[in-house]
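Student:
In this note's numbering, the protein residues as written are 4 to 111.
1) Relative to the C-alpha of residue 20, which candidate in 103, 89, 106 and 39 has its C-alpha closest?
2) Who are the near neighbours of residue 23 in its chain, counting only those whose CB is closer than 6 Å to its CB and skipping five residues on each side?
3) Quick one: is residue 17 buried, meaning 16 or more other Cβ sit within 10 Å of its Cβ, or exposed?
4) Excluding the 5 residues flanking residue 9 on each side, which residues of the same chain have their C-beta closer than 6 Å to its C-beta?
5) For residue 37, which beta-bridge partners are listed by DSSP?
6) How would you write the range of the beta strand (DSSP E) that residue 15 sits in, first residue to last?
Pasting the structure below:
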């Protein structure tokens, strides 16, 4: 499944469900078929995502990479993609939406 994130200030960001649901959990939102971050909620959401990225960077390798040390090269390669890399498009969308004072919505 795919999640689509959008704002009237920007285009869309599409993410696979496991990645989007991980990010939504960081933002204290459960997986849901649709939702919204209001302009008032965006500063806290941006800060939470940036904090999670900083925490991962301080810890070295992403937690997913440490858990995926199975010897399977494909699994390990996929786990080396950091939260920062996965979250960057959504983080930029949120910042642009905040600057334009527009909500961010998502749906499946």
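For every residue, glycine included, the Cβ atom is placed at its ideal position computed from N, Cα and C.
Tutor: This is what the structure holds:
1) 89
2) 6
3) exposed
4) 15 and 108
5) 110
6) 15–19
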